[in-house]
Amino acid sequence: PARAARAKPRAKSATAKGLAPKATRGVRAAAGPAQYVYSFGKGRAQGSGAMKELLGGKGAGLAEMSKLGLPVPPGFTISTEVCAYYYERGHTWPKGLEREVERAILELERDQDKGFGDSANPLLVSVRSGARVSMPGMMDTVLNLGLNEATVEGLARRSKNPRFAWDAYRRFVQMYADVVLGLKARREEHASPFGAALDQLKRERKVLLDTELSGEDMRELALRYREIVRRETGQEFPSDVRVQLWGAIAAVFRSWQNERAVAYRAMNHIPAAWGTAVSVVAMVFGNLGETSGTGVCFTRDPATGEKRFYGELLMNAQGEDVVAGLRTPQPVQTMEQLQPACWRELLRIQALLERHYRDMQDLEFTIEEGKLYMLQCRNGKRTGFAAARIAVDLVEEGILSKDEALLKVEAEALDQLLKPVFEPSEIARARKSGRLLTKGLNAGPGAATGRLVFDPRQAERLGAKEGVILVRQETSPEDIKGMRAAAGILTARGGMTSHAALVARQMGKVCVAGAGELDFDVENSSVRVGGRVLKAGDWISLDGSTGEVFEGQIATRNSEVMSALFPAAGEKPVSGPVLRAFQKLMQWADQVRTLEVRANADQPDQARVAVAFGAQGIGLCRTEHMFFDGAKIDLVREMILATDQAGRKAALDKILPMQRADFEGIFEEMAPRPVTVRSLDPPLHEFLPHEDAALHDLSRKLEVAPEKLRARVQELAELNPMLGHRGCRLGITFPEITAMQARAVMEAACNVLVRKGRTVEPEIMIPLVGTRREFELQAAIVRETAEAVLAERSLKIPYLVGTMIELPRACLVADEVAKEAEFFSFGTNDLTQTTFGISRDDGGRFLPLYVDREILPADPFATLDLPGVGALMRMACEKGRSSRPKLKLGICGEHGGDPRSIAFCHDLGLAYVSCSPHRLPVARLAAAHAALRAKARS
Ligand code: PEP
Ligand code: MG
108 PARAARAKPR
118 AKSATAKGLA
128 PKATRGVRAA
138 AGPAQYVYSF
148 GKGRAQGSGA
158 MKELLGGKGA
168 GLAEMSKLGL
178 PVPPGFTIST
188 EVCAYYYERG
198 HTWPKGLERE
208 VERAILELER
218 DQDKGFGDSA
228 NPLLVSVRSG
238 ARVSMPGMMD
248 TVLNLGLNEA
258 TVEGLARRSK
268 NPRFAWDAYR
278 RFVQMYADVV
288 LGLKARREEH
298 ASPFGAALDQ
308 LKRERKVLLD
318 TELSGEDMRE
328 LALRYREIVR
338 RETGQEFPSD
348 VRVQLWGAIA
358 AVFRSWQNER
368 AVAYRAMNHI
378 PAAWGTAVSV
388 VAMVFGNLGE
398 TSGTGVCFTR
408 DPATGEKRFY
418 GELLMNAQGE
428 DVVAGLRTPQ
438 PVQTMEQLQP
448 ACWRELLRIQ
458 ALLERHYRDM
468 QDLEFTIEEG
478 KLYMLQCRNG
488 KRTGFAAARI
498 AVDLVEEGIL
508 SKDEALLKVE
518 AEALDQLLKP
528 VFEPSEIARA
538 RKSGRLLTKG
548 LNAGPGAATG
558 RLVFDPRQAE
568 RLGAKEGVIL
578 VRQETSPEDI
588 KGMRAAAGIL
598 TARGGMTSHA
608 ALVARQMGKV
618 CVAGAGELDF
628 DVENSSVRVG
638 GRVLKAGDWI
648 SLDGSTGEVF
658 EGQIATRNSE
668 VMSALFPAAG
678 EKPVSGPVLR
688 AFQKLMQWAD
698 QVRTLEVRAN
708 ADQPDQARVA
718 VAFGAQGIGL
728 CRTEHMFFDG
738 AKIDLVREMI
748 LATDQAGRKA
758 ALDKILPMQR
768 ADFEGIFEEM
778 APRPVTVRSL
788 DPPLHEFLPH
798 EDAALHDLSR
808 KLEVAPEKLR
818 ARVQELAELN
828 PMLGHRGCRL
838 GITFPEITAM
848 QARAVMEAAC
858 NVLVRKGRTV
868 EPEIMIPLVG
878 TRREFELQAA
888 IVRETAEAVL
898 AERSLKIPYL
908 VGTMIELPRA
918 CLVADEVAKE
928 AEFFSFGTND
938 LTQTTFGISR
948 DDGGRFLPLY
958 VDREILPADP
968 FATLDLPGVG
978 ALMRMACEKG
988 RSSRPKLKLG
998 ICGEHGGDPR
1008 SIAFCHDLGL
1018 AYVSCSPHRL
1028 PVARLAAAHA
1038 ALRAKARS
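Whatever position you read off the sequence shown (first residue = 1), add 107 for my numbering.
Right under this line is the structure:
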């Protein structure tokens, strides 16, 4: 009841890293009695599993398990509201908190029949962090709290095990000094003085293992540790258990703002305002001897999703021993022999918890002298493979509905199912042996290995024979064929929507972009990175899912889904559980989504992949990509170099049949679906060679003097080509280009209709429109040409003429534009660039910092900026519909494949999202999520 009166935590933008945390959210409303502390244990709990926002995942899990009557050591959780208060009010505690904590301690003492600070029978506690979502290992924990020179003796007597007691004490001193007194932060560079003291004592005692040290040795070590604290901090190690407790509580709250946690939150889009809770839990010991132990387990395999109880156990150990990796744990199944009663109990509990939470659980447990305790339960982290498989299995086991299962799988997780992967053991080996060279943006996920090539033409030549990785300062459209031939692409410059990144994703290529540490030495055709010099021909490996770049060759294997859908010649398609889960999820997603999905594709092979991945059309065919292909480039250059309209027309006449053939190839794959073809967009200088050798080459081919060529290149050069003579501005100055393209589209549609008996619905799209008149002029050319072609062929093919919306001005005058345009397609790459005034090709240099400092919640080129770009889109939709109620609306910027942006597109009521072919499964699932969530809201 007290809850209802309290202010709901508000997610507000968080504080900048490294600054004194400012107010992160509203403090409690005045009304209602305060409750900051929630006790649990002995089959009771004040909180529950539903209270993650307030108690954090760990606190909520402990409360829920306690309520279920499971063996949980008792304790209490201090709510996330206290975390907010602590930061807002200059590291002070809210009124009444101390009294609540005292009361909870009293209850705990009664429960445990022990006294906090009681030297005869001491109560020891752990102080643990726990946010609303798990942030594994990011925040701090203190164990064995409540020990001092008196209570350690009491623990020794009670446990009849002085070695254990002194070992616990010395571990506590070290942990407390590191976490609470800040010793760890001070010694970033050198090894731990505690580790050094331990090694020193082992040398003195002439032993190798910690386990060979006696109780007396542990006592000596604890005393030395305290001496280290005195030396390093100038203070005595605190003996007062209440001082210890409040010190630890504050330190765990502070760890919410440590560097690791801040970085993890930025990566996972977790608001700083959520805060962490702190759970204080009665200690149970897994290191009391051979009948004690500790472990971690998952109710299903978190890597594959297979339904098998999976976990690890370490006997006679405390949790941190498992984490530290000093001893190798055994499979949890060994418990059956060692502690059969505990094993039966654990099996019962894991099944019960999975059913209760209706999801795979990640559990932590401790066995203290033959008695099992559950320390944690939460939904387990898992790979994309496991996510898909577990969700589908849970439906088939009758635990989840299909809709619930869809919501359990993050859309992004599906991406993993399509990518080749590195063999995990190989990647570990590469890391261990120092072969990680650098890290860039994970622009195109997957694993690729090959020989380093600097020259795209060479990539084209060699790529057919063996894997090559194309390494460039940045890529230009001219590199396209080299990019296609390469197994992976690595660039020093460029962000997530740089040319390299978007072309790579569209091709489904592995790509690491913006790896700024690459230092090119063009003369020696080498690149310096990570202290190495790599030459052309050297082996290099890219992990496009993490952005990591490795030296050397690392073995990869094809994904199950890809080898099933697109088996290589002679390859027998495999059909395993991953493929099955993938297909089921896609089928269920298609049943609930209302957004259509289209692909951005400009080659028949891309169209084929798109159809296989469920594309309902093409949302963007960038015609300039075809211009670069084969013989066309020279004709295009001839057209650009022509000095008059007649010369241009002659060249265009030669381009027409080739362009038409391109469209036919795509239309045959796509018929009878709609295909949106965009008229020429990039500035013309991009098509001309800039380097001397290439210039001379062209001069010979076209029989034009090199000086004349160079002069034309210079004439076309622009200071700011992105804002220059591009988009519809080209078609306005050279209407014959638009006419040729419109003719090629319509003739191709006719030819396919005649050949196959069905054809696509062409949608011709004009780019970079800012005024109604621009569109009007271009649309007139398209319509006139289309009608002429249909009349010549005596055929009827419905077609649409529409525009891209990629300038703020287009949004502002969308009602005017919609009077002429039959559809809008949001080009959010340019719309983001022009709304922010941030170059999409250069933003990569500083946008990561913006995200890191929480100036922006995410890279706006990857995820739609809703308050800015999103508001413009909303305005364009409303204005557009006001003059044309049935206006067809879609999106074809890179955001069309981003789940959070897709949710927004659903809410705007767009008809479709269009994205790279390989993103389609992600988009289908994200569209299903959006529909399900909207339904739940209404
Ligand atoms: C856009 O700007 O969002 C778009 C799709 O066009 P391009 O990326 O080709 O500029
Ligand atoms: Mg654009």
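All C-beta atoms in this analysis are idealised placements derived from N, C-alpha and C, irrespective of residue type, glycine included.
- Ranking Glu-731, Asp-799 and Pro-552 by CA distance to the CA of Glu-793 puts Glu-731 first.
- For the options Pro-967, Leu-544, Leu-938 and Asp-937, the alpha carbon positioned closest to that of Gly-951 is the one of Pro-967.
- Beta bridge pairing from DSSP links Tyr-480 with Thr-473.
- Residue environment analysis places Glu-188 among the buried positions, since at least 16 neighbouring C-beta atoms fall within 10 angstroms of its C-beta.
- Distances between the C-beta of Gly-838 and the heavy atoms of the ligand PEP are all 8 angstroms or more.
- Ile-945 sits in coil when the DSSP states are folded into three classes, being neither helix nor strand.
- Distances taken from the Cβ of Glu-793 to the heavy atoms of the ligand MG include none shorter than 8 angstroms.
- In this structure the stretch 271 to 291 does not lie against the stretch 406 to 414, because fewer than three pairs of beta carbons, one per stretch, are closer than 8 angstroms.
- In the structure shown, Phe-529 falls within a strand segment according to DSSP collapsed to helix, strand and coil.
- Between the stretch 164 to 182 and the stretch 194 to 208, the count of C-beta pairs closer than 8 angstroms stays below three; the two stretches do not touch.
- Nearest to Gly-551 by alpha-carbon distance, out of Asp-650, Glu-567 and Asp-972, is Asp-650.
- Straight-line spacing of the CA atoms in Pro-300 and Glu-260 works out to 25 angstroms.
- Tyr-194: member of the alpha helix (DSSP H) spanning 187 to 195, first to last residue.
- For Ile-587, the enclosing alpha helix (DSSP H) stretches over residues 587 to 592.
- Residue ranges of uninterrupted beta strand (DSSP E) with 3 or more members, entirely inside the stretch 916 to 941 and ordered along the chain, are 930 to 933.
- Beta-carbon to beta-carbon, Glu-870 and Leu-907 are separated by about 4 angstroms, close enough to satisfy the 8 angstroms threshold.
- Remark: the shortest separation between the CB of Asn-665 and any heavy atom of the ligand PEP does not fall under 8 angstroms.
- Under DSSP, the beta-bridge partners assigned to Asp-626 are Arg-635.
- Annotation: the stretch 498 to 562 contains the following complete segments of the alpha helix (DSSP H) (minimum length 4 residues), in chain order: 509 to 515, 520 to 525 and 531 to 539.
- Remark: the shortest separation between the CB of Met-911 and any heavy atom of the ligand MG falls under 8 angstroms.
- Glu-519 has its alpha-carbon roughly 41 angstroms from the corresponding atom of Glu-630.
- Residue ranges of uninterrupted alpha helix (DSSP H) with 4 or more members, entirely inside the stretch 950 to 984 and ordered along the chain, are 954 to 959.
- Restricting attention to Gln-446, Trp-363, Gly-1003 and Phe-392, the CA atom closest to the CA of Val-240 is found in Trp-363.
- Boundaries around Leu-727 are those of the beta strand (DSSP E), 725 to 729, since no alpha helix (DSSP H) includes it.
- In this structure, the beta-carbon distance from Leu-479 to Glu-443 does not fall below 9 angstroms.
- Less than 9 angstroms separates the beta-carbon of Leu-169 from that of Phe-147.
- Judged by DSSP secondary structure, Tyr-283 falls outside any beta strand (DSSP E) and instead within the alpha helix (DSSP H) spanning 269 to 286.
- Residue environment analysis places Asn-394 among the buried positions, since at least 16 neighbouring C-beta atoms fall within 10 angstroms of its C-beta.
- 9 angstroms or more divides the Cβ of Thr-970 from the Cβ of Asp-948.
- The shortest C-alpha to C-alpha distance from Glu-397 to any of Gln-565, Glu-476, Glu-327 and Tyr-417 is the one to Glu-476.
- For the 9 angstroms CB-CB criterion, Val-499 and Ala-688 form a contact.
- Cβ-Cβ separation between Asp-469 and Arg-455: approximately 17 angstroms, too far for a contact (criterion under 8 angstroms).
- Non-local beta-carbon contacts of Val-617 in its own chain, meaning distances under 6 angstroms to residues more than five positions away in sequence, involve Gly-551, Gly-553, Ala-555, Gly-595, Leu-649 and Gly-651 in chain order.
- Residue environment analysis places His-1025 among the buried positions, since at least 16 neighbouring C-beta atoms fall within 10 angstroms of its C-beta.
- Inclusion of Asp-736 and Ile-587 in the CB contact set at 9 angstroms is warranted, their separation being smaller than that value.
- Apart from sequence neighbours up to five positions away, the residues of its chain that approach Leu-308 with a beta-carbon distance below 8 angstroms are Leu-320, Asp-324, Glu-327, Leu-328 and Arg-331, ordered along the chain.
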